[in-house]
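The listed protein sequences correspond, in order, to chains A and B. This note's numbering puts the first residue of the first sequence at 1, with every later residue one more than the last. This note's numbering puts the first residue of the second sequence at 280, with every later residue one more than the last. Glycine included, every Cβ here is placed at the ideal spot set by N, Cα and C.
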Amino acid sequence: MTLSLRLRAAIVSIALLAAFLGAWHLATRSSGTTAAMSPEYARLMGLTATQGKSAMPGPLDVGAKLWEHLKRPFYDNGPNDKGLGIQLAYSIGRVGLGYLIAVVVAIPLGFMIGMSPLISRALDPFIQVLKPISPLAWMPLALYTIKDSSISAIFVIFICSVWPMLLNTAFGVAGVRKEWINVARTLEVGTIRRAFTVILPAAAPTILTGMRISIGIAWLVIVAAEMLVGGTGIGYFVWNEWNNLSITNVIIAILLIGLVGMLLDQVLARFTRMVTFPE
Amino acid sequence: MSTSDDPFDADRVLTRSGCACGWHRSAAEHEQAARTLRCEPVADLSEQKRYEGIVASAVMRAVFPRDVARRAFLKSVGAATALAALSQFFPLKTATEAFADAGPPEKKDLKVGFIPITCATPIIMAAPLGFYAKQGLNVEVVKTAGWAVIRDKTINKEYDAAHMLAPMPLAISLGLGANAIPFTVPAIENINGQGITLATKHKDRRDPKDWKGMKFAIPFDYSMHNYLLRYYLAEHGLDPDTDVQLRSVPPPEMVANLRADNIDGFLAPDNICQRAIYDGVGFLHILSKEIWDGHPCCSFAASREFITTAPNSFAALTRAIVDATGYAAKAENRKQIAEAIAPANYINAPVTVLEQVLTGTYADGLGGVKTDPKRVDFDPFPWQSFAVWMLTQMKRWGQIKGDVDYKAVAEQVYLATDTKKVMAEMGLAPPATSYKSFSVMGKSFDPAKPDDYLASFKIRKSS
Numbered sequence: 001m002t003l004s005l006r007l008r009a010a011i012v013s014i015a016l017l018a019a020f021l022g023a024w025h026l027a028t029r030s031s032g033t034t035a036a037m038s039p040e041y042a043r044l045m046g047l048t049a050t051q052g053k054s055a056m057p058g059p060l061d062v063g064a065k066l067w068e069h070l071k072r073p074f075y076d077n078g079p080n081d082k083g084l085g086i087q088l089a090y091s092i093g094r095v096g097l098g099y100l101i102a103v104v105v106a107i108p109l110g111f112m113i114g115m116s117p118l119i120s121r122a123l124d125p126f127i128q129v130l131k132p133i134s135p136l137a138w139m140p141l142a143l144y145t146i147k148d149s150s151i152s153a154i155f156v157i158f159i160c161s162v163w164p165m166l167l168n169t170a171f172g173v174a175g176v177r178k179e180w181i182n183v184a185r186t187l188e189v190g191t192i193r194r195a196f197t198v199i200l201p202a203a204a205p206t207i208l209t210g211m212r213i214s215i216g217i218a219w220l221v222i223v224a225a226e227m228l229v230g231g232t233g234i235g236y237f238v239w240n241e242w243n244n245l246s247i248t249n250v251i252i253a254i255l256l257i258g259l260v261g262m263l264l265d266q267v268l269a270r271f272t273r274m275v276t277f278p279e
Numbered sequence: 280m281s282t283s284d285d286p287f288d289a290d291r292v293l294t295r296s297g298c299a300c301g302w303h304r305s306a307a308e309h310e311q312a313a314r315t316l317r318c319e320p321v322a323d324l325s326e327q328k329r330y331e332g333i334v335a336s337a338v339m340r341a342v343f344p345r346d347v348a349r350r351a352f353l354k355s356v357g358a359a360t361a362l363a364a365l366s367q368f369f370p371l372k373t374a375t376e377a378f379a380d381a382g383p384p385e386k387k388d389l390k391v392g393f394i395p396i397t398c399a400t401p402i403i404m405a406a407p408l409g410f411y412a413k414q415g416l417n418v419e420v421v422k423t424a425g426w427a428v429i430r431d432k433t434i435n436k437e438y439d440a441a442h443m444l445a446p447m448p449l450a451i452s453l454g455l456g457a458n459a460i461p462f463t464v465p466a467i468e469n470i471n472g473q474g475i476t477l478a479t480k481h482k483d484r485r486d487p488k489d490w491k492g493m494k495f496a497i498p499f500d501y502s503m504h505n506y507l508l509r510y511y512l513a514e515h516g517l518d519p520d521t522d523v524q525l526r527s528v529p530p531p532e533m534v535a536n537l538r539a540d541n542i543d544g545f546l547a548p549d550n551i552c553q554r555a556i557y558d559g560v561g562f563l564h565i566l567s568k569e570i571w572d573g574h575p576c577c578s579f580a581a582s583r584e585f586i587t588t589a590p591n592s593f594a595a596l597t598r599a600i601v602d603a604t605g606y607a608a609k610a611e612n613r614k615q616i617a618e619a620i621a622p623a624n625y626i627n628a629p630v631t632v633l634e635q636v637l638t639g640t641y642a643d644g645l646g647g648v649k650t651d652p653k654r655v656d657f658d659p660f661p662w663q664s665f666a667v668w669m670l671t672q673m674k675r676w677g678q679i680k681g682d683v684d685y686k687a688v689a690e691q692v693y694l695a696t697d698t699k700k701v702m703a704e705m706g707l708a709p710p711a712t713s714y715k716s717f718s719v720m721g722k723s724f725d726p727a728k729p730d731d732y733l734a735s736f737k738i739r740k741s742s
């Protein structure tokens, strides 16, 4: 009896996960041997010092803590302590807003660049210089000039997601097959109509690929940006727990950041498939 | 000595128990009533009682413009009767309430930024323990990711006021590491409250002379941490700029870096020192109070613009902070405070760590338990001589280049006069002057001669 490929892959995945968790558990077991100390002194010390507990939490600690968070994801204990659900919502909100602004700016501009060789050449040096700048390098400048930390975070998301979209849009638009444009010309289709009925559908898969790259970068950046400015969001959660040296919570945050990033990517991957056409 | 103490009150009844006149349940109550009528500042009283005292004083003064007459009246009828009589024809309660919210705050919803360390205790605890609410303010205390961010957010007016390191408002006002914007310090957050922590492996290298080549962390350039560590090293003959490496590192990373063997030690806020001990990675070399007992650490800061646009809000905020600081100064409240500020919404640290810091009974990291109730202490008065000292150190280490008018800067930034007014209003006993001399590692500092002080150091940045 041969199992399907999918099932076999799932078995290997689970085996790998189990091996990883097992190794993790073994590596972080408490040593149990610590120097002798007076009970009065021991009472004032943490578990690492008294029971030789590893500074790294084991998978069981993380699991228990994760369950605690999942049980009440939307609690709100004031401005500095909110549930993981609320923190993620803030981050997704910021990414969504910055990303939308980037879409509004990058796609028309990308169209212009793609359709006009003159603009393409003229803007090229600026894009080449601005593109490689790390998004976080903008952060102090944004804070300083915008004078509002949450708008600064959104600006950073905007500035980092705009370039891949812009370049892919320009590339996609410039790469539309000349025959199609010529046919449209022969039929005397106006420029605007040509852009929407011929070029946009033809360039859509490339544009969406750019958007998919952008959302990935935006999600990467928001965590770092929120760690820098604080306030709310999953990045702030990581910083706050790091401040408490709670590695357990940091690991949980890492896990969730990965999951949300994957979901965002999958959503755009689905859109890409929707607009892809067979030639 | 804390400015809210009053141990030299000759009239204080110390031995007798029970009330002398029979009108009061306890001697303490009797004494309070008596002191109220003598128009004395009444310490150790609740807010309401304090205001009552002030109002009663004002009324008594109005009724008996001549002090001789007042004393004669009091002698003949007794303090308690006088108070009762007075209350009948003058509604003391109403007057007290009117005083308590003298001038409604222009802005009630305020944002105050803080860094999650025990230095911010008064700012933080004022929220859960209701000190802001008592002044009619709705204050949101916002945890902030670092000193540079707190500076920028306060300058950008996202925060109305903020927890800052004591030298930061001076630096901002002088335009060091920031735009020059007039900033002020109406109250010092805490005194003492820092320490030098070393990695456990250095437990036999306690002499700073052996520390050549070590790497130390400090939280920020414009901090008492920086100046005290540099001072300490220099007094032991090490040049902090060439003999050791000083790095600006955020406090939580100090503990992690110490564990990772990346730094040899740090001078940091107490709760970070205690956290390193709690986690078993370091020990407390000395408390900063052993370098300078009673040194300022963090400050409560606001821009001058905030004071001019919302003077009543500012006054109410200052009252809340001074009040909270006075509350935190009392040893018996410290346990409650540790519990109030430990949750994730505030400092987000284990309660035992904060308790050890605030009560002063702590594990030293070498197997011993030590007790020092003044390990961290709270005294809101912004001595202008503190500012002058900080300016000398800024100059000493090349942060200020050229001349500086010590006195003018100190008086512009450290609002001792305003704080005196607020303290007097609240029935506390502010000091008469704004300058005092003190000694740092046995070397006395005369605030009138900062340049001589500066010139007396052998180790300093040559420039």
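Could you spell out where the beta strand (DSSP E) holding residue i opens and where it closes?
i	result
G677 of chain B	Neither: G677 of chain B is in no beta strand (DSSP E) and is coded neither H nor E.
T463 of chain B	462-467
M443 of chain B	440-444
Q473 of chain B	473-478
With a threshold of 7 angstroms between beta carbons, is residue i in contact with chain B?
i	result
G61 of chain A	Looking at the sequence shown, residue 61 of chain A is not Gly but Asp. Not one chain B Cβ lies under 7 angstroms of D61 of chain A.
D76 of chain A	no
G258 of chain A	no
W239 of chain A	yes
E40 of chain A	yes
W163 of chain A	no
G190 of chain A	no
Beta-carbon of residue i versus every beta-carbon of chain A: anything under 7 angstroms?
i	result
V601 of chain B	no
P395 of chain B	yes
A642 of chain B	yes
D431 of chain B	yes
C318 of chain B	Confidence at C318 of chain B is low in this model, with a pLDDT of 47, below 50, so the placement of that residue is unreliable and no value is reported for it.
Q635 of chain B	yes
D540 of chain B	no
K422 of chain B	yes
E618 of chain B	no
G573 of chain B	no
D558 of chain B	yes
Once the 5 residues before and after residue i are set aside, which same chain residues still bring their CB inside 6 angstroms of it?
i	result
V267 of chain A	none
C552 of chain B	G474, T476, L563
G85 of chain A	P73, F74
Around the Cβ of residue i, are there at least 16 other Cβ atoms within 10 angstroms (buried) or fewer (exposed)?
i	result
W219 of chain A	buried
Y75 of chain A	exposed
A322 of chain B	Note that A322 of chain B has pLDDT 45, beneath the 50 cutoff, so the model's placement of it is unreliable and the number below is only indicative. Buried, because 16 or more other Cβ atoms sit within 10 Å of the Cβ of A322 of chain B.
A595 of chain B	buried
D483 of chain B	exposed
T587 of chain B	exposed
G22 of chain A	exposed
K178 of chain A	exposed
A424 of chain B	buried
Keeping to the same chain, check which residues put their C-beta closer than 8 angstroms to that of residue i; ignore five residues upstream and five downstream.
i	result
W192 of chain A	Residue identity check: residue 192 of chain A is Ile in the sequence provided, not Trp. Closer than 8 angstroms at Cβ, skipping near neighbours: no residue.
T638 of chain B	A610, R613, K614, A617, P652
G83 of chain A	H69, R72, P73, F74, Y75, D76
For the alpha helix (DSSP H) that contains residue i, what are its first and last residues?
i	result
G216 of chain A	200-229
G261 of chain A	247-275
P132 of chain A	Careful: P132 of chain A lies outside any alpha helix (DSSP H) and carries neither H nor E.
G93 of chain A	84-115
Among the residues of its own chain, which have a CB less than 7 angstroms from the CB of residue i, if the five just before and after it don't count?
i	result
P575 of chain B	A445, I467, I470, M503, F665
I154 of chain A	R94, L97, G98
D480 of chain B	Here residue 480 of chain B is Lys; the residue named in the question, Asp, does not match the sequence. Nothing meets the Cβ criterion.
| So does the region 495-511 of chain B actually touch the region 520-532 of chain B, counting three or more Cβ pairs closer than 8 angstroms? | yes
| said: Below 8 angstroms, how does it come out for the region 226-234 of chain A and the region 116-124 of chain A: are there three or more Cβ pairs, yes or no? | reply: no
| Taking three-plus beta-carbon pairs below 8 angstroms as touching, is the region 717-727 of chain B in contact with the region 482-493 of chain B? | no
| task | Tell me, please, whether the region 605-612 of chain B touches the region 380-397 of chain B by the rule of three or more beta-carbon pairs shorter than 8 angstroms. | result | no
| message | When you compare the region 448-464 of chain B with the region 691-703 of chain B, are there three or more beta-carbon pairs, one atom per stretch, that lie closer than 8 angstroms? | response | yes
| Stretch-stretch touch, CB-based, cutoff 8 angstroms, three pairs: the region 198-213 of chain A with the region 238-254 of chain A | no
| For the region 164-172 of chain A against the region 104-111 of chain A, are there 3 or more C-beta pairs whose distance is under 8 angstroms? | yes
| request: Give a yes or no on contact between the region 248-255 of chain A and the region 536-556 of chain B, applying the rule of three or more CB pairs nearer than 8 angstroms. | output: no
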